[in-house]
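The sequence shown begins at 1 in UniProt numbering and counts up one residue at a time.
First comes the structure, then the notes that go with it.
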Amino acid sequence: VNLIESIFKPDSIQNFLLHNPEYAWLAVFILAFLESMVITGSIVPSIVLFSICVYLFDQQILALYLIAPIAMSGAHLGDLGGFLVGKYSGDKVLSLTFFQKRTVLIDKATSAADRFGPLAVVIGRFTPAIRAIMPFFLGLTRLELKRFYFADLLACFAWGIALILMLKGVQALGFINTILIALVGVLSFIYISNKATKK
1 VNLIESIFKP
11 DSIQNFLLHN
21 PEYAWLAVFI
31 LAFLESMVIT
41 GSIVPSIVLF
51 SICVYLFDQQ
61 ILALYLIAPI
71 AMSGAHLGDL
81 GGFLVGKYSG
91 DKVLSLTFFQ
101 KRTVLIDKAT
111 SAADRFGPLA
121 VVIGRFTPAI
131 RAIMPFFLGL
141 TRLELKRFYF
151 ADLLACFAWG
161 IALILMLKGV
171 QALGFINTIL
181 IALVGVLSFI
191 YISNKATKK
């Protein structure tokens, strides 16, 4: 099974990693990067990364103390990539059909970037709908790379802690209950974020 061709099929990825556990860390890193990078983040669902992390943790293929920092590193690199794309090629990227069809998300991301500055990346990290495009839009502003870098470190660290808690929750409560709890949490945060960006 080709890992790249199976990105949208968690079952295929799980089967691949079951027979090739040495690539587990790479799968987590790549998926975290892809779901954080501008454009690919809108194609690769967050649930794919989470389900793979759950599987690796549950099957003891990869320890929790490795899953979290690897995922955080991939996410941080994806965010940095999105920021730099926005900073140096923002206008060209905005002309792509991909962005022309997502004006509502663009408005929300732009509003959050203007309102919260570098801390908008923290909001974006916990809001799946704008997670991948928030660093890109911050790159379009005059925000310095250094300020974004440290704000994103904070965002990815907080996200990593949340990932650890969710994985521990899966272990303690069972997969379905944790998914429901996580879903309620995500929806609540999205609602609060939407209210904040409209003010």
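We put the beta carbon where it would ideally sit given N, CA and C, even for glycine.
On a predicted model such as this, the values are computed, not experimentally measured, just so you know.
Which of helix, strand or coil does DSSP assign to Gln14?
For the purposes of this step, residue 14 is taken as the residue at position 14 of the sequence shown. Looking at Gln14 - three-state DSSP - the assignment turns out to be helix.
Looking at the unbroken alpha helix (DSSP H) that takes in Pro21, where does it start and where does it end?
Along the sequence shown, read from residue 1 onward, the residue named residue 21 stands at position 21. Here Pro21 belongs to no alpha helix (DSSP H), and DSSP marks it neither H nor E.
To the nearest angstrom, how far is the alpha carbon of Lys87 from that of Phe50?
The residue labelled residue 87 in the question sits at position 87 within the sequence shown. The residue labelled residue 50 in the question sits at position 50 within the sequence shown. Each residue's Cα considered, the two are about 29 angstroms apart.
Endpoints, alpha helix (DSSP H) assigned at Gly82:
Here residue 82 is taken as the residue at index 82 of the sequence shown, counted from 1. Start and end: 64-94.
Is Met37 helix, strand or coil when you go by DSSP?
One-based indexing of the sequence shown puts residue 37 at position 37. Coil at Met37, not helix or strand.
Starting from the C-beta of Val85, find all residues in its chain whose C-beta is less than 8 angstroms away, skip the five residues before and the five after it, and write them out in chain order.
Locating residue 85 in the sequence shown gives position 85, where the first residue counts as 1. Val38, Val93, Phe136, Gly139.
Could you say if the region 145-156 and the region 69-76 meet the contact criterion of at least three C-beta pairs nearer than 8 angstroms?
Touching, yes.
Between the Cα of Leu62 and those of Leu80, Trp159, Leu17, spot the shortest distance and give me the residue it belongs to.
On the sequence shown, position 62 is the one that residue 62 refers to. Minimum Cα distance to Leu62 is reached at Leu17.
For Gly124 and Asn20, the rounded distance between their alpha carbons
Position 20 of the sequence shown holds residue 20. Position 124 of the sequence shown holds residue 124. Computed Cα separation, rounded: 33 angstroms.
Give me, in chain order, the residues of the same chain whose beta-carbon lies closer than 6 angstroms to that of Glu35; leave out the 5 immediate sequence neighbours on both sides.
Indexing the sequence shown from 1 puts residue 35 at position 35. Taking C-beta separations shorter than 6 angstroms and ignoring five residues to either side along the sequence, the partners of Glu35 in its chain run Gly41, Val44, Ser46, Leu49, following chain order.
Is Ala129 helix, strand or coil when you go by DSSP?
Residue 129 sits at position 129 when you count from the first residue of the sequence shown. Correct three-state label for Ala129: coil.
Going along the chain, which residues of its own chain have a beta-carbon closer than 7 angstroms to the beta-carbon of Ala68, five neighbours each way excluded?
Here residue 68 corresponds to residue number 68 of the sequence shown, with the count starting at 1. Around Ala68: Gly160, Leu163, Ile164.
Compare the Cα-Cα distances from Asp107 to each of Thr97, Val28, Met134 and report the closest residue.
Here residue 107 refers to the residue found at position 107 when the sequence shown is read from its first residue. Among Thr97, Val28, Met134, the Cα nearest to that of Asp107 is on Met134.
Please go through the same chain and pick out, in chain order, the residues whose beta-carbon is closer than 8 angstroms to the beta-carbon of Arg131, but skip the five residues on each side of it.
Taking the sequence shown and counting its residues from 1, the one referred to as residue 131 is at position 131. These residues qualify, in order along the chain: Glu35, Ser36, Gly41, Ser46, Gly124, Arg125.
How would you write the range of the alpha helix (DSSP H) that Ile52 sits in, first residue to last?
Position 52 of the sequence shown, counted from the start, is the residue given in the question as residue 52. For Ile52, the enclosing alpha helix (DSSP H) begins and ends at 46-58.
Are the beta-carbon atoms of Gln14 and Tyr55 separated by less than 7 angstroms?
As a working note, residue 14 is residue 14 in the sequence shown. As a working note, residue 55 is residue 55 in the sequence shown. Using a Cβ distance threshold of 7 angstroms, Gln14 and Tyr55 count as a contacting pair.
Thinking C-beta only, is Arg142 closer than 7 angstroms to Pro118?
Residue mapping note: residue 118 aligns to position 118 of the sequence shown, counting from 1. Residue mapping note: residue 142 aligns to position 142 of the sequence shown, counting from 1. Not in contact: Pro118 and Arg142 (Cβ atoms no closer than 7 angstroms).
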